[in-house]
Amino acid sequence: MTAKTTTSLSSSPAIREAKPVPKVGFVSLGCPKALVDSERIITKLRAEGYQVAPDYAGADVVVVNTCGFLDSAKQESLDAIGEALAENGRVIVTGCMGVEEGRIREVHPGVLSVTGPHQYEQVVSAVHDAVPPLHDPYLDLVPPEGLHLTPRHYAYLKISEGCNNRCTFCIIPSIRGDLASRPANHVMGEAERLVKAGVKELLVISQDTSAYGLDIRYAESTWKGAPLKAKFLDLSRALGELGVWTRLHYVYPYPHVDDVIPLMAEGKILPYLDIPFQHASPRVLKAMRRPAHQEKTAERIANWRKVCPDLAVRSTFIVGFPGETEEDFSFLLDWLREAKLNRVGCFKYEAVSGAKANELEGAVAEEVKEERWHRFMAVQQEVSREILAARVGTTIDVIVDEVDEDGATGRSKWDAPEIDGSVFLNGEPSLKPGDIVKARVDVADDYDLWATVAEKP
Ligand code: SF4
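Below you can see the structure in the form of structure tokens.
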């Protein structure tokens, strides 16, 4: 279809009837949470006998799962809808931007239906209206773990939806609503099915992972004959028993996060925390209304590393937030040098329609944002280079993501797929995606490693 199409699914066994199988095309934009929504819709449709079309031409209808986080993402969503209409003509729109139905219909009056995020049933029913399902769906074509758009060896595990925080730059709570946690046994059931299907790495996601269970008062449910609380620590511990890599994303530094660090030190879950700090200056954090912000985060990270020396912290930051002074920015750079985060993403502040931050005074000029972004990246580059240089000569575990005739590309425990660095295993074309090997690190640059396999699975 286009580069935006995440993937097509494997073809099904021979179809035993004359009627053509209805085919649905998918364009999935946005974050992993939107990707999981797409997976749920696809799983339901496959259960009803639909197939996923790999291109516009082969699809009877196209579903575009949009992103509405930033204005640039909205424009990208509108462009994707336009492309699907031009190439196919029958388009169903869903996802975060779907809450702005008026704007979508103004630009693209020809779309068949528009729904917001996680309105799976409405999307499926819109597909029914556009292309009715076959009367004899082969229910057994759907594997018990559902269908996924990620490679077979890793999968996102969504533990809750929505968010109780109200960060001033973000409109996600108004799109996705307040925190709604899944019962712990549902999460564990899905995780176990994924592991049985061959998944080697679970990526735990939500809007606010460490707040998991707050809305359902940490309700107990029964898992493997014993009670399991819907609590960050209890769930992390249970996931750690599944024997695969478990990686925690979107964690805020609430005090109880300290409790999971020993699980990382014991090797139960990966020594990796994805904490979107967004800034370090207390003044800016206050204006952002960030959850769990406090002045001593660098000290806390240092304490976590005393318990788990291997811990990798990845984060994202915004520079040029309204009111950010040169003093605030210098504070952030000093903090970055002290905290020594392993992986960092940085965005220049962009106003989002409907966000409270638009009302704040002190807009930062574009050229100042640009200049700060470069200074920020230069500091982080030094930090990253130093951390990776210290890995040369050590032996590390590497999970293989891709293989071609020249060798394999994988990741260490300290790197998440898509967002972090890679480990290149040159001259290893016989490895398979999902293999976990031991490898000795030969070379490091600012962001990636090159290693030699020492022990194969
Ligand atoms: S924590 Fe803040 S940035 Fe994250 S989803 Fe909630 S409101 Fe948005």
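With this note's numbering applied, the sequence shown has no gaps in its numbers, which climb one by one up to 530 at the end.
Cβ atoms here follow ideal geometry from the backbone N, Cα and C, with glycine treated the same way.
Residue range of the unbroken beta strand (DSSP E) whose run includes residue i
i      : result
Ser485 : From DSSP, Ser485 is part of no beta strand (DSSP E); its letter is neither H nor E.
Arg539 : Because the chain spans 74 through 530 in this model, residue 539 falls outside it and cannot be assessed.
Lys442 : No beta strand (DSSP E) contains Lys442, which is instead part of the alpha helix (DSSP H) from Glu439 to Ala462.
Glu274 : Glu274 to Ile278
Pro382 : Careful: Pro382 lies outside any beta strand (DSSP E) and carries neither H nor E.
Phe553 : A question about residue 553 goes unanswered here, because the residues of the chain that appear run from 74 up to 530.
Phe394 : No beta strand (DSSP E) holds Phe394; DSSP gives it neither H nor E.
Pro300 : Ala299 to Lys302
Ala517 : Ile509 to Ala517
Asp320 : In the sequence under discussion, the amino acid at residue 320 is Arg, which differs from the Asp named in the question. Trp318 to Leu321 is the extent of the beta strand (DSSP E) around Arg320.
Ile334 : First-last for Ile334: Ile334 to Ala338, but that is the alpha helix (DSSP H), not the beta strand (DSSP E).
Ser503 : Careful: Ser503 lies outside any beta strand (DSSP E) and carries neither H nor E.
Val357 : Looking at the DSSP string, Val357 is not in any beta strand (DSSP E); the run it does join, the alpha helix (DSSP H), is Pro355 to Met361.
Within 9 Å, strictly: CB atoms of residue i and residue j
i      : j      : result
Tyr422 : Gly466 : no
Ala338 : Ala292 : no
Val380 : Leu308 : no
Phe305 : Val425 : no
Leu275 : Leu230 : yes
Pro506 : Asp474 : yes
Tyr285 : Ile232 : yes
Val357 : Ile374 : no
Thr482 : Ala512 : no
Gly168 : Asn138 : yes
Ser294 : Asp347 : no
Val135 : Gly171 : no
Span separating the alpha-carbon of residue i from that of residue j
i      : j      : result
Gln453 : Trp487 : 16 Å
Asp213 : Ala120 : Caution is warranted here: a pLDDT of 46 is assigned to Asp213, below 50, making its placement in the model unreliable, and no coordinate value can be reported.
Ile165 : Leu384 : 43 Å
Trp523 : Ser150 : 37 Å
Ala303 : Arg416 : 29 Å
Val437 : Gln351 : 16 Å
Asn144 : Ala199 : In the sequence on display, residue 144 carries Asp and not Asn. Near 26 Å, if we compare the C-alpha coordinates of Ala199 and Asp144.
Asn431 : Trp318 : 40 Å
Glu173 : His226 : 36 Å
Thr282 : Pro93  : 43 Å
Pro382 : Ala146 : 38 Å
Tyr323 : Gln280 : 6 Å
Thr188 : Leu461 : 45 Å
Val184 : Leu504 : 45 Å
Val441 : Trp408 : 20 Å
Val514 : Arg484 : 12 Å
Val516 : Lys413 : 20 Å
Glu372 : Val333 : 17 Å
Leu534 : Asp401 : Residue 534 is absent from the model: the chain starts at 74 and stops at 530.
Glu112 : Ala527 : 37 Å
Ala299 : Ile154 : 47 Å
Gly162 : Tyr129 : 9 Å
Asp209 : Phe497 : Any reading at Asp209 is ruled out, since the residue's pLDDT is 49, under 50, leaving its predicted position unreliable.
Cβ-based neighbour list, residue i, same chain, cut-off 6 Å, excluding 5 preceding and 5 following
i      : result
Asp133 : Pro95, Lys96 and Val204
Gly494 : Asp488, Tyr520 and Asp521
Ile88  : Reliability of the predicted coordinates at Ile88 is poor, the pLDDT of 34 falling under 50, and no value is obtained from them.
Ile114 : Tyr193 and Val196
Phe449 : Val392 and Cys419
Arg53  : This structure cannot settle anything about residue 53, because the visible part of the chain is limited to 74 through 530.
Lys341 : Gly313
Delimiting residues of the alpha helix (DSSP H) encompassing residue i
i      : result
Ala524 : Premise fails: Ala524 lies in the beta strand (DSSP E), Leu522 to Glu528, not in any alpha helix (DSSP H).
Tyr193 : Tyr193 to Ala203
Glu475 : Careful: Glu475 lies outside any alpha helix (DSSP H), inside the beta strand (DSSP E) at Thr468 to Asp477.
Phe402 : Glu399 to Ala412
Glu179 : Glu174 to Val180
Glu149 : Asp144 to Glu160
Phe305 : Phe305 to Gly313
Lys96  : Run containing Lys96: none in the alpha helix (DSSP H); it sits in the beta strand (DSSP E), Lys96 to Ser101.
Neighbourhood of residue i by C-beta, 7 Å cutoff - its chain only, sequence neighbours within 5 removed
i      : result
Cys240 : Met361, Arg362 and Arg363
Lys106 : Lys231 and Ile278
Cβ shell of residue i (< 8 Å), same chain only, five flanking positions each side left out
i      : result
Ala264 : Leu230, Leu275, Leu312 and Leu315
Cys104 : Cys140 and Phe142
Pro335 : Val380 and Cys381
Ile289 : Ser254, Pro256 and Ala303
Thr477 : Note that residue 477 corresponds to Asp in the displayed sequence, not to Thr. Here the set comprises Pro502.
Glu537 : Residue 537 cannot be examined here, being either before or after the span of the chain that is shown, 74 to 530.
If you measure from each residue's Cβ to the nearest non-hydrogen atom of the ligand SF4, which ones come out under 6 Å, in chain order? Cys236, Asn238, Arg239, Cys240, Cys243, Ile245, Pro246, Gln280, Asp281 and Pro364
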